[in-house]
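Here's the structure we're looking at; comments come further down.
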Amino acid sequence: ESLQENQDATELIFKNCQALSLDNVESFLEDINSDLDALTIHNCQLFDDECAAKISEHCTKLSRISFTGCCKVLTSVGISSFIKNCPNLKCVTIMSTESDDDNDSNNNDDERSWTLGDDLFASFLQRTDLILEQFALSGFENVTTNALKHFLEHVGSNIKVLDLSELQAITDEVIEKVVDTCPSLEDVCLSHCKLTDQGINRFCAKCRALQSVNFSGCQDITDDSVIALSTNCSSLRKVQLSWCVKLTEKSLDALVTNCQDLTFVDMSQCTIRHLPFEILEHFSLQEIKVEGCKGLRCPPLDIANKGLESCRQFLKKCNLQSLCRMTFLGNQGSGKTSLMLSLPTMSQSVADTSTEGVHVGTWRPFKSGKESIDLGTDIQKKMLSLTVDMWDCGGRTCLQGVHPLFLCEQALYAIVFDIHDPFKLESVVSWMLLMRSKAPTSPFIVVGTHADDADDRQELSKQVIQAVKKADSQCRQEYQAEIDTLRDLGQEKCVESRVNRLQNLVENWSKLPENVYFVSTLKGKGMLELQHAISETLLDGQLFPHLAEEISNSIVYLYSSILQLRENNSVLLSWDHYLQVASDAGVTDADIEQTTAVLEYKGCILVLNIPSSQHTQGPSKIVCVNPSALLNCMAGVLCETDPREYVPQFVKAGKVEKFWPTGARPNEWTLRAAIDDIVTKGLVRESVVPLCFQIPSLLDEEELQNIISLLRSLGFLVEGAPKGNYDVELVMSQYKSCSVFKRYYVPLMTKLPEELKDTTVWPSSPPDGTIQVGWRYKFRDLVTVDCTKMLIGACANLKPSCEVCAYWNSGVILKVGPVTVRMSRNNSTLDVIGRCKVTNGSKQALNMMWFVLAKFFYGIETLLMNFKGVCPMVLVPIIGCNRPKHKPLYELVSDYNSQLSHHTNYRWFIPPAALDAEEHAEIPSDTVSWLANIACKSLLYISYHADQQHEVKLLKQSLDLAGFDCVGDWILAGKTGQELNEKRRNLIAGSSLFLAFITPQYLGWCRASQEVNKALSHTKPLVSVLFDKSTWDSEGNELGALLKNRGVCLDLSAGSGSALSHQYNQGQVNELISHCYGVLYGTGDIHPPEPPRTPEHETQVLNNANLESSTTVDIRTDTAATKAKKSVEFSDLQTTKTEKATKDCELDDQIRRMAASAVAAAIAGATAKQIANSKHSTPAIKAASAAAEVAQAVVDGKSDAAAQAVTKVAKIVEDETSRVNTTSTQNGSATRPAPKSTTCVLL
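Mapping the sequence shown onto this note's numbering, position 372 (from 1) lands on 372, and the numbers just tick up by one.
Structure, rendered in structure tokens:
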């Protein structure tokens, strides 16, 4: 019926017609169009030779015949009938292969077999007029090589499409014959044949007109074959190479690069790891199939399977070769956002709102269509794809303490200022110094905005450049002065390390700009010049070497994985996780440092150093895989928007439904109160933190807690703030771990008190019986010192058990056990000072202070590692803080390492390198490791049975409050197997004291013996805490006997209650704490080098010493004398007494100069004191003037003039003293003899 309805059909297809037999053919033969052009017989198992003869005799005008699937009863005879009867035949397809849509699945393999041999070709060879254009023969094992070659010689001259797939007869020899016999070949399929590189190379060298090839399943061919194919056959449009398992991304790269007309590539199941970036510029390519390429890393397989467009979008993000960061810095309202919007398109743009955190955009200077830049010079091919990742950083003041963390080296910076800003010079210098705090070697340009009129601004440009050069010169001078001082100290490793760091910093500072670019985004003025300047700067290979270096595949794969992590809303990775991701991407351990540096230069990741909770491991590293998201999170917390504006915007954006998808939702008043805490008080609830994040997607709970933990480690959020009310409406189901009432200080909001109000927590001078030590960090300028706001907060978070006694904008006072620590900022200095009451000898108090302070020094040094350009000088007060004199730390360290006999005295200036005061241990060059090693001296390992975990938790709280750092099984949660055992052994080895919590269960526990023996193998002091001593004295208890013999036993059994309700006897706890203090910090005294003195006493002693020195001359060599002067002075003025030297003129001059200097110093000191005490300015000014005359006379070497000036000073002081005393007597004050001034005593 169908045939009768379509008698004019020119193409007839019988597909899966299992009943198609001779009877059927005869029944409808007359209904078939005799002018039929194409016939297809697919999988018709009853179609035999007679059927073929009937149809071929009826349809003699056939030009295309196709027999596919399984036609098992059709033989060469049946096929030959078509060859003989159809003179117009041009296309012949005979394929025994099975297709996916074969629906006869009931037959076994034997029933489906179809066999043809060499006799198939006989009918072809008999015809001399046959002109075949397409021929396909596939899947027949009995076809021989010779027969096939003979056939091709006869009919190959006109063949354009040839399919000889799955034929065992196809070899390298045959396809070489194909080249010679088929000169018109355009489409060839040789899939699943035994071919090698040699045969394919010869084949494609001659078949240059090929447009389609299929070598799928040829598993012996390699990339060499495809490279040769793409080189010789550049007109290829379709290439199929699936299941060629030896082919890699090199093949795909060659095809995309050399074949510009390519539209389709199938490399499924190949060993491809990435798609070439050239497909971004290959506009004819329409499809790439990479199904089953499990090793595909860039893009990931799931993205690649979505189609070519998805691949291109991913590759645009992943193209690292020509990626560079450009960051816009400047005050709020300076025009950074408008400038960034205008720069790529040259359009007139004015931003509607200012940037809160960071806005990221992309600019391709040489691939922007009509806006492409023409520099008038040839540009390297790979630089044509230059991609500039533009960061517009918000200019709010509170953000200036955050931005340096996110800057990257080898980036270009644009410092933007408003030409109408009255403080523009200060602004430019400030942002330059801030930029250099993290990226000191990066180049920068200066851009003045709002230049709408046509005024000449040469003078303004000159002023800005002069201000920049002046600030640069001052920084260089300060660094060079320290370098020169350190170089005179000798060849100590620590000093050399410091000198090398400073020298490298100074030598590699970026070149200063020569001029300022003035632009108007409103009128488009100056934009073209700025575009050219930026482009020319970025093309400088010396400034941006990472753009010239080739990016390895492993780096590309790693960045591809990072992009996937971003898609999954990941922001932070632990260092171990990052190493695992890098290893999976093929980055070796040897290359991990270089790979990480490249990704940081490109701005792809941010590596942050934070203090480790276990100081023995050194700093911890956190890798931020989405820096812009993290910056926007932090900027969101620094909320300065009025809650009356913020909350309606929050609600309008649908964030209430986003954070509270179900259940009760907070009303606007609750949200306003929570935001008002931030804006007005600088306090933020933990549950409000995620509400502030300016990122589009929700983070999972684990990621949020990781971010909050990082913000605490950085000092961005500071614990210890007063708790808020329990507003149940702020509870979020997806963030159940976020506390509703816990609040953090946000120090960058500067809402803390300006000054320390309660001075009783830190008296101006140490109370009686209290000693004091500390360090001072001196920063180079007032800009980089801003990072100390977070440094102070980070130190406050470093030890959670410490008590925050006071917290104000520029400092904090902490109580850590018996040690009180003050960290305060004053101008460009940060003081970290500790005080401790001496109760059991000064040695214990000193060690205790240094071990506590070392934690904070370690934290500061670790966090400063995040700022490559910040290198503060560390100064040490010589005697605590009772004298204003400070000495550089590295000078003290150098002296300590060289003076083996006086190292005990250094305990008052620097942390002990060894616990025993009699032991001298050299301080290493790595100060962070040195401080970390000291910081872990108070680490206690508590060994206990799990049945007493609650009682141990309570004991730990008491020990934490006493200043100890306790570790145990509670910090190993989540660890199992070998990893758990290894971590436990490391904790024991890194502790300073082993505390065994004794109970009957513990004494009978096999693991307890293992832990005790591990502690003994590391010579750790043992303390047995007898919580339950019922079986302590029982016979046969080997562990108990071992603990008795090798350690100290302390009773802790007098408490009452069980589990978390247990109450320890405080006296026994205090005894335990006291014993631990003695074990860890020692006992006895270390006497200070000299006691604190009043200014009068110091001046008197100094004068006497100088008088004595007039008869004792130092005749040491220059070297020895210089070394002595650089050593720490532990007494007033110790000089080696020698025999009197011969009195000659030179010696007299030396003595005279020494005496004159002593007198001048005494006069200056007394005058300064008089000026401080005087309430009248006139005598003070006169005394200062006369003192200056003394100093000048000494400098000039005029002894008579100096004597006259001294007399003048004395008279002024005496007159003023007499006048004050007279006034006091007249006012009714108690009369007493007028004291003589210090000046007169000295004279």
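For glycine and all other residues, C-beta sits at the position ideal for the given N, C-alpha and C.
Item, Value
"For the region 654 to 709, which segments carrying the beta strand (DSSP E) assignment without a break, of at least 3 residues, lie completely within its bounds, in sequence order?", "683 to 685"
"Less than 8 angstroms between C-beta atoms, sequence neighbours within five positions excluded: which residues of the same chain meet that for E257?", "The question names Glu, but residue 257 in the sequence shown is Thr. Here the set comprises S230, P276 and E278."
"Leaving out five residues on either side along the sequence, give the residues of the same chain with a beta carbon under 6 angstroms from the beta carbon of G724.", "R685, F741 and R743"
"Report the rounded CA-to-CA distance for K983 versus Q260, giving the unit in angstroms.", "58 angstroms"
"List the residues that DSSP assigns as beta-bridge partners of D1259.", "Residue 1259 is absent from the model: the chain starts at 1 and stops at 1243."
"Which residue marks the beginning of the beta strand (DSSP E) containing A629, and which one marks its end?", "First-last for A629: P627 to V637, but that is the alpha helix (DSSP H), not the beta strand (DSSP E)."
"By DSSP, does K294 sit in helix, in strand, or in coil?", "coil"
"For V245 versus Q219, is the C-beta distance shorter than 8 angstroms?", "yes"
"Looking only at its chain, what residues have a beta carbon closer than 6 angstroms to the beta carbon of S225, apart from the 5 residues adjacent to it on each side?", "D197 and I200"
"Pick out whichever of D947, V928, H58 and V73 has its Cα sitting closest to the Cα of N43.", "V73"
"Excluding the five sequence neighbours on either side, which residues of its own chain have a C-beta within less than 7 angstroms of the C-beta of S737, listed in chain order?", "E701 and Q705"
"Express the C-alpha separation of N568 and G859 in angstroms, rounding to a whole number.", "32 angstroms"
"Bridge partners of K15, per DSSP?", "H42"
"In the DSSP assignment, find the beta strand (DSSP E) that holds K885 and state where it starts and stops.", "Segment: none, K885 is in no beta strand (DSSP E) and carries neither H nor E."
"So L556 and H282 are in contact, right, with Cβ under 8 angstroms, and what is the actual spacing, rounded?", "Looking at the sequence shown, residue 556 is not Leu but Val. V556 to H282, Cβ: 18 angstroms. No contact."
"For H1249, name the three-state secondary structure that DSSP assigns.", "There is simply no residue 1249 to check, as the chain begins at 1 and stops at 1243 in what is shown."
"Out of V821, G841, N826 and T839, point me to the one whose CA is closest to I833's CA.", "V821"
"Select from H577, A996 and Q1204 the residue whose C-alpha is nearest the C-alpha of V952.", "A996"
"Could you spell out where the beta strand (DSSP E) holding D119 opens and where it closes?", "Note, D119: premise wrong, no beta strand (DSSP E); not H, not E."
"Just to confirm, is the Cβ distance from V402 to L631 under 8 angstroms?", "yes"
"Let me check one thing: in DSSP terms, what residues is I998 bridge-paired to?", "L1026"
"Do Y735 and S687 have their C-beta atoms within less than 8 angstroms of each other?", "yes"
"Please state whether the Cβ-Cβ distance between F994 and Y941 is less than 8 angstroms.", "yes"
"So, using beta-carbon positions, are Y1248 and N797 closer together than 8 angstroms?", "Because residue 1248 is not part of the residues shown, which for the chain are 1 to 1243, the question remains open."
"Count Cβ pairs between the region 383 to 391 and the region 309 to 324 that sit closer than 8 angstroms; are there 3 or more?", "yes"
"Sorted by chain position, which residues of the same chain lie with C-beta nearer than 7 angstroms to D172's C-beta, five sequence neighbours on each side aside?", "L195, T196, Q198 and G199"
"Alpha carbon to alpha carbon, how far is S165 from N85? Give it in angstroms, no decimals.", "27 angstroms"
"When you compare the CB positions of S1072 and S992, do they come within less than 8 angstroms of one another, or not?", "Sequence check: residue 1072 is Leu here, not Ser. No; because the gap between Cβ atoms is not below 8 angstroms, this pair is not in contact."
"For the beta strand (DSSP E) that contains G869, what are its first and last residues?", "Counting along the chain, G869 falls outside any beta strand (DSSP E), and DSSP gives it neither H nor E."
"Does the Cβ of C802 have 16 or more other Cβ atoms within 10 Å, making it buried, or fewer, making it exposed?", "buried"
"If you follow the beta strand (DSSP E) that E1248 is part of, which residue opens it and which one closes it?", "In the structure as shown, the chain starts at 1 and stops at 1243, and residue 1248 therefore has no counterpart that could be examined."
"For F151, is the classification buried or exposed, using 16 other Cβ atoms within 10 angstroms of its Cβ as the cut-off for buried?", "buried"
"Which runs of the beta strand (DSSP E) at least 3 residues long sit entirely within the region 1042 to 1089? Give them in chain order.", "1048 to 1051"
"Cβ atoms of V625 and R712: under 8 angstroms apart, would you say?", "no"
"Among residues of its own chain, excluding the 5 on either side of K1123, which ones have a beta-carbon nearer than 6 angstroms to its beta-carbon?", "Confidence is the limiting factor: at K1123 the pLDDT is only 37, short of 50, which leaves the residue's position unreliable, though a coordinate-based value still follows. Nothing listed; no residue qualifies."
"Note down, one range per segment and in chain order, each beta strand (DSSP E) of at least 3 residues found wholly within the region 705 to 776.", "743 to 745"
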